[in-house]
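Enquirer: Shown below is the structure under consideration.
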Amino acid sequence: MAISLQQQERQRRLTSQRVNQLSPSGIRRFFDLLSSMEGVISLGVGEPDFVTPWHIREAAIYSQEKGYTMYTSNSGMPELRKELSRHLAETYQVEYDSVGELLITVGVSEGLDLAMRAILDPDDEVIIPDPCYVSYPSCVILAGGKPVMVPTYERNNFELSAADVEANITDRTKAILLGYPSNPTGAVMPREKLVEIAEVARRYGLIVISDEIYAKLVYGQAHTCFAALPGMKEGTIFLGGFSKAYAMTGWRIGYAAASKEIIAAMTKIHQYTIMCAPTMAQVAAIEALKAGEPDVQQMVEDYNRRRLVIVKGLCDIGLSCFEPKGAFYAFPSIRSTGMSCEEFAEKLLTEEKVAVVAGSAFGQCGDGHVRCCYATSLAEIEEALERMKRFLDRHRQG
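Next comes the structure, spelled out in structure tokens:
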């Protein structure tokens with residue numbers, strides 16, 4: 253329902269200018285519509301369809317049976333931070349002190365919010381590749397900063413170049429925000445290009461916030477941890493978590509790794525707003541780090557099979573599709589249909605009951621694409637492709 257000018261003016265008076273700058277999530281609008289429909293195949297929700305492995309759930313259940321339901325340290329349980337320190341050193345060869353350089357957060361979302369509020373002064377600028385995860389520019393705005401969106405394109409594999417970063421640096425630039433493997437494109441940055449960006453960051457004294465929530469979900473290549481690049485640990489805020497790789501989205505458990513000065517600043521905000529991450533989720537995370545790797549590998553193998561099916565299927569029905577090398581998203585172009593991505597997504601949902609997300613929800617450079625999440629069963633992916641083919645046959649131009 254349209255809001256009257258009088259209502260808009262009242263809202264402007266009641267709410268902050270920063271909040272008024274934000275647009276409602278382009279993802280949630282479709283989910284609201286989807287919730288009222290039956291028989292929908294959702295390729296929209298960025299969530300594993302796997303249940304959290306039993307041994308991880310069991311660890312949390314047992315902790316509750318023992319009555320371990322009280323607050324933990326603001327920074328997180330010492331055992332979890334020690335396990336995380338060990339895991340990061342073994343996996344990425346980057347060493348963090350479990351006391352002072354690690355903070356357990358309520359998912360990567362909280363970690364991102366804390367990072368922005370900890371480092372930004374009013375009007376500080378943050379360079380962000382476009383398209384990107386929907387929260388990136390919003391978190392910058394809510395912290396009083398200014399997002400500077402730098403276009404990336406399919407023809408360049410949606411990779412951010414050091415030259416484009418440098419071209420957008422001003423005397424207000426404070427940080428670069430990277431999210432690779434990428435949501436929504438599935439792009440993975442080659443190590444050599446990350447090294448070039450690291451050199452620019454060092455030359456201009458910029459902080460790099462690296463969201464690596466999809467680090468374990470890569471196919472046919474290795475993930476490069478930005479903080480592990482030569483000389484970049486001190487200048488990087490490394491964000492990670494358990495939601496995607498361990499199928500633990502609802503547990504809301506993540507972490508930030510950075511210098512003691514930055515973690516201390518982030519912890520100040522965390523202790524006044526959150527206190528600590530959920531105790532049971534922290535116990536589950538300990539078990540995930542200790543014994544969850546076989547589960548991760550099994551899920552990655554399954555995602556890879558689905559990835560190959562959906563990319564080939566989209567190309568076969570006439571939607572050219574960049575090959576994702578990480579995460580669990582395909583980002584096909586729908587320009588050949590002559591529709592806007594919003595029109596395509598809405599008509600596909602109402603006519604064939606397949607939910608995808610308009611690429612414009614992820615930035616201007618997402619326009620002309622839709623995001624299809626393949627973290628659903630092969631049977632549903634194949635049925636969704638059949639429905640999409642029918643839809644395209646009806647609407648194909650010419």
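FYI, the numbering for the sequence shown is 253 to 650, going by our numbering. Here a beta-carbon is modelled for each residue, glycine too, at the ideal position from N, C-alpha and C. Since the model is a prediction, treat every value here as computed from it, not as a measurement.
Sort Asp463, Glu595, Val392, Ile465 by Cα distance to His647 and report the nearest one.
Expert: Translated into the one-based positions of the sequence shown, residue 647 becomes position 395. Checking every option, the nearest Cα to that of His647 belongs to Glu595.
Enquirer: Would you mind giving the Cβ-Cβ distance between Leu355 and Ala508, rounded to the nearest angstrom? I have them listed as a contact below 8 Å.
Expert: Position 103 of the sequence shown, counted from the first residue, corresponds to residue 355. Position 256 of the sequence shown, counted from the first residue, corresponds to residue 508. The pair is a contact, with the Cβ atoms about 5 Å apart (cut-off 8 Å).
Enquirer: Return the CA-CA distance between Met253 and Lys599, expressed in angstroms with no decimal places.
Expert: Indexing the sequence shown from 1 puts residue 253 at position 1. Indexing the sequence shown from 1 puts residue 599 at position 347. Residue placement at Met253 cannot be trusted, given a pLDDT of 45 that sits under 50; what the coordinates show is reported in the next sentence. Going from the Cα of Met253 to the Cα of Lys599 covers about 20 Å.
Enquirer: Smallest Cα separation from Asp349: which of Thr357, Glu342, Ser337?
Expert: Residue numbering aside, residue 349 sits at position 97 when the sequence shown is read from its first letter. The candidate whose alpha carbon is nearest that of Asp349 is Ser337.
Enquirer: Less than 8 Å between the beta carbons of Ile526 and Glu362, yes or no?
Expert: By 1-based counting over the sequence shown, the position of residue 526 is 274. By 1-based counting over the sequence shown, the position of residue 362 is 110. Yes, the Cβ-Cβ distance between Ile526 and Glu362 is below 8 Å.
Enquirer: CA-CA distance, Thr267 and Tyr524?
Expert: Residue 267 sits at position 15 when you count from the first residue of the sequence shown. Residue 524 sits at position 272 when you count from the first residue of the sequence shown. Approximately 22 Å between the Cα atoms of the pair.
Enquirer: Taking the beta carbon of Lys512 as the centre, do at least 16 other beta carbons fall within 10 Å, making it buried, or is it exposed?
Expert: Numbered from its first residue, the sequence shown carries residue 512 at position 260. Classification of Lys512: exposed, given that the 10 Å Cβ count is below 16.
Enquirer: Within the continuous beta strand (DSSP E) that includes Ile428, where are the two ends?
Expert: Here residue 428 refers to the residue found at position 176 when the sequence shown is read from its first residue. Unbroken beta strand (DSSP E) run through Ile428: 425-431.
Enquirer: Helix or strand or just coil, what does DSSP make of Met253?
Expert: Residue mapping note: residue 253 aligns to position 1 of the sequence shown, counting from 1. Annotation note: pLDDT 45 at Met253 (below 50); position unreliable, coordinate value reported separately. Coil at Met253, not helix or strand.
Enquirer: Which of helix, strand or coil does DSSP assign to Ile633?
Expert: Here residue 633 is taken as the residue at index 381 of the sequence shown, counted from 1. Correct three-state label for Ile633: helix.
Enquirer: Does the distance from the C-beta atom of Lys334 to that of Val470 stay below 8 Å?
Expert: As a first step, residue 334 is located in the sequence shown; it is residue number 82 there, counting from the start. As a first step, residue 470 is located in the sequence shown; it is residue number 218 there, counting from the start. Their beta carbons are not under 8 Å apart, which means Lys334 does not touch Val470 by this criterion.
Enquirer: Kindly confirm or deny that the region 598-614 and the region 564-577 touch, where touching means at least three C-beta pairs closer than 8 Å.
Expert: At 8 Å Cβ cutoff, the stretches do not touch.
Enquirer: Would you call Asn435 buried or exposed, if buried means 16 or more other Cβ atoms sit within 10 Å of its Cβ?
Expert: The sequence position of residue 435 within the sequence shown is 183, counting from 1. Asn435 is buried by the Cβ-count criterion.
Enquirer: Where do the ends of the alpha helix (DSSP H) carrying Pro546 lie?
Expert: Within the sequence shown, numbered from 1, the residue matching residue 546 stands at position 294. 545-568 is the span of the alpha helix (DSSP H), which, as asked, contains Pro546.
Enquirer: Taking the CB atoms as reference points, tell me whether Cys624 and Pro584 lie closer together than 8 Å.
Expert: Counted from its first residue, the sequence shown places residue 624 at position 372. Counted from its first residue, the sequence shown places residue 584 at position 332. Result yes, Cβ atoms of Cys624 and Pro584 sit closer than 8 Å.
Enquirer: Can you tell me which of the three DSSP states Ala312 falls into?
Expert: Residue mapping note: residue 312 aligns to position 60 of the sequence shown, counting from 1. Helix at Ala312.
Enquirer: Using a Cβ distance threshold of 8 Å, determine whether the region 305-322 contacts the region 537-556, with at least three qualifying pairs required.
Expert: Cβ pair count under 8 Å is three or more, so yes.
Enquirer: Consult DSSP for Gly492 and reduce its assignment to one of helix, strand or coil.
Expert: If you number the sequence shown from 1, residue 492 lands on position 240. Here Gly492 sits in strand by DSSP.
Enquirer: Please state the DSSP three-state secondary structure of His339.
Expert: Numbered from 1 along the sequence shown, position 87 holds the residue referred to as residue 339. Note: His339 maps to helix in three-state DSSP.
Enquirer: Rounding to the nearest angstrom, what Cα-Cα distance links Gly502 and Thr357 in this structure?
Expert: Taking the first residue of the sequence shown as position 1, residue 502 is located at position 250. Taking the first residue of the sequence shown as position 1, residue 357 is located at position 105. Computed Cα separation, rounded: 13 Å.
Enquirer: Count the other CB atoms, across all protein chains shown, that sit within 10 Å of the CB of Thr602; report buried if there are 16 or more and exposed otherwise.
Expert: Working through the sequence shown from its first residue, we reach residue 602 at position 350. Flag for Thr602 reads exposed.
Enquirer: For Leu394, which beta-bridge partners are listed by DSSP?
Expert: Position 142 of the sequence shown, counted from the start, is the residue given in the question as residue 394. None, per the DSSP bridge assignment.
Enquirer: Between the region 389-403 and the region 545-552, can you find at least three pairs of beta-carbon atoms closer than 8 Å?
Expert: Touching, no.
Enquirer: Which of the three DSSP states, helix, strand or coil, is assigned to Leu644?
Expert: As a first step, residue 644 must be located in the sequence shown, where it is residue number 392. Reduced to three states, the DSSP call for Leu644 is helix.
Enquirer: Inspect the beta-carbon positions of Leu412 and Ile461 and report whether they are closer than 8 Å.
Expert: On the sequence shown, position 160 is the one that residue 412 refers to. On the sequence shown, position 209 is the one that residue 461 refers to. Contact flag unset, no.
Enquirer: Using the three-state DSSP reduction, which class does Glu200 fall into: helix, strand or coil?
Expert: In the structure displayed, the chain extends from 253 to 650; residue 200 sits before or after that span and is not available.
Enquirer: Should Asp463 go down as buried or exposed, given a rule of 16 or more other Cβ atoms within 10 Å for buried?
Expert: On the sequence shown, position 211 is the one that residue 463 refers to. With 16 or more other Cβ atoms within 10 Å, it is buried.
Enquirer: Put Pro300 into one of helix, strand or coil per three-state DSSP.
Expert: Here the question's residue 300 lines up with position 48 in the sequence shown. Looking at Pro300 - three-state DSSP - the assignment turns out to be coil, as it is neither helix nor strand.
Enquirer: Whole angstroms are fine: how far does the CA of Arg639 sit from the CA of Gly291?
Expert: In the sequence shown, the residue the question calls residue 291 occupies position 39. In the sequence shown, the residue the question calls residue 639 occupies position 387. When rounded, the distance between both Cα atoms is 12 Å.
Enquirer: Who does Lys581 pair with in a DSSP beta bridge?
Expert: Translated into positions along the sequence shown, residue 581 becomes position 329. Checking the sequence, you will find Tyr at residue 581 rather than Lys. In the DSSP output, where bridge partners are listed per residue, Tyr581 has Cys625.
Enquirer: Within its chain, find whatever has a CB closer than 8 Å to the CB of Cys593; leave out the 5 residues flanking it on each side and keep chain order.
Expert: For this step, residue 593 is matched to residue 341 along the sequence shown. Excluding sequence neighbours, Cys593 sits near Ile586, Ala610, Gly611, Ser612, Gly618, Asp619, Gly620, His621, Val622.
Enquirer: For my contact list, Ala582 and Leu566 are in at a C-beta cut-off of 8 Å; report their separation, rounded to the angstrom.
Expert: For the purposes of this step, residue 582 is taken as the residue at position 330 of the sequence shown. For the purposes of this step, residue 566 is taken as the residue at position 314 of the sequence shown. Rounded, the Cβ-Cβ distance is 6 Å, consistent with contact.
Enquirer: Measure from the alpha carbon of Val489 to the alpha carbon of each residue in Gly431, Asp645, Gly319, then state which is nearest.
Expert: Residue numbering aside, residue 489 sits at position 237 when the sequence shown is read from its first letter. First, the amino acid is wrong: residue 489 is Ile here, not Val. For Ile489, the nearest C-alpha among the options comes from Gly431.
Enquirer: Closest to Thr628 by C-alpha separation, out of Val297, Asn272, Lys564, Val271, would be which residue?
Expert: Stepping through the sequence shown from its first residue, residue 628 is reached at position 376. Per the Cα distances, Val297.
Enquirer: Does DSSP put Met289 in a helix, in a strand, or in coil?
Expert: Numbered from 1 along the sequence shown, position 37 holds the residue referred to as residue 289. In the structure shown, Met289 sits in coil (DSSP, three-state: anything other than H, G, I, E or B).
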